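Residue 135 in my numbering is what sits at position 120 of the sequence shown, and the numbering runs on without skipping anything.
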Amino acid sequence: MFAGYIAIAGGVGFITILGGVLSLKIKTDQSVRYWIALASGLLISTAFFEMLPEIKGNFIFVALGFFLIYVLDKMILIHACGEYECKVHHITWPTLLSTGVDNFIDGMAIASGYLISPMTAFIIAGAVAIHESIQSFTAVIIMKNDRYPRWKLFSTMMLFGITIPIGALLFGTYLSQYINTLLAFSAGVFLYVGASDMLPEAHVKFNIGVVGCVILGALLVPLLHFFLGA
Numbered sequence: 016m017f018a019g020y021i022a023i024a025g026g027v028g029f030i031t032i033l034g035g036v037l038s039l040k041i042k043t044d045q046s047v048r049y050w051i052a053l054a055s056g057l058l059i060s061t062a063f064f065e066m067l068p069e070i071k072g073n074f075i076f077v078a079l080g081f082f083l084i085y086v087l088d089k090m091i092l093i094h095a096c097g098e099y100e101c102k103v104h105h106i107t108w109p110t111l112l113s114t115g116v117d118n119f120i121d122g123m124a125i126a127s128g129y130l131i132s133p134m135t136a137f138i139i140a141g142a143v144a145i146h147e148s149i150q151s152f153t154a155v156i157i158m159k160n161d162r163y164p165r166w167k168l169f170s171t172m173m174l175f176g177i178t179i180p181i182g183a184l185l186f187g188t189y190l191s192q193y194i195n196t197l198l199a200f201s202a203g204v205f206l207y208v209g210a211s212d213m214l215p216e217a218h219v220k221f222n223i224g225v226v227g228c229v230i231l232g233a234l235l236v237p238l239l240h241f242f243l244g245a
């Protein structure tokens, strides 16, 4: 069991790093908004179908997760966006550290999902992977525009990637008895990021394809359960 969620979280961390590497290879990518839309639908659907049914009435922690990430988001977190649409033009160390904490929480969410079922962990991991790879992509683009040296770009990617399995490791080792509380908190985070952060970014310019990607992301979770019988 321990190796299972560490492997899943490690895979998500690797995908997060790849998101940053991709931004080093291209100048801009118009498909980013579609990935943001897909991630927003998937995050919201994961919260509703996978996490909220398991929290056993801990709705105060759902609200806590939602509003805590709201405060961080408005102050220092990185927004997902394309290269020429980013509203945040500089990244500070508090921003990087806070984003690392956000990824750390995502790692704990993956581990807590695994303790419910491997299917739940994979669904949470899929949502996190898309979201965090876009966030890493965005961060490196902003840092490139600010002419940060390459070693700082790679250090940022590593920070974003490694904090996910570290979060899973800490949860599995010391905090597994708080599974319902953490799931509730993470559900609040997922709902805020999906509905209030990524969804508006996807719709900076209206596009029916973006709407379709949001719906597709939202349908993926129930469809997986239907076809896999889980």
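The C-beta atom is built at its ideal place from N, Cα and C for all residues, glycine as well. What you are looking at is a predicted structure, and each value in this text was computed from that prediction instead of being measured.
Secondary structure note for Asn195: its alpha helix (DSSP H) is the uninterrupted segment 194–207. Residue range 74–90 is occupied by the alpha helix (DSSP H) that includes Phe76.
From the listed residues Thr114, Leu111, Ile179, the smallest Cα separation to Ile30 is found for Ile179. Gln192 is classed as exposed because its beta carbon has fewer than 16 other beta carbons within 10 Å across all chains shown. About 23 Å separates the beta carbon of Leu197 from that of Met90, a gap too long to meet the 8 Å contact definition. Shown here for Lys159: same chain residues with a beta carbon closer than 8 Å to its own, the five before and five after excluded, namely Ser38, Leu39, Leu168 in chain order. Of Gly34, Leu58, Asn222, Thr114, the smallest CA-CA separation from Ala233 is found for Leu58. Taking C-beta separations shorter than 8 Å and ignoring five residues to either side along the sequence, the partners of Leu243 in its chain run Met134, following chain order. Counting along the chain, no alpha helix (DSSP H) covers Tyr163, and no H or E run does either. Between Ala126 and Phe200, the gap from beta carbon to beta carbon reaches 7 Å or more. Pairing Leu206 with Met66, the inter-Cα distance amounts to about 11 Å.
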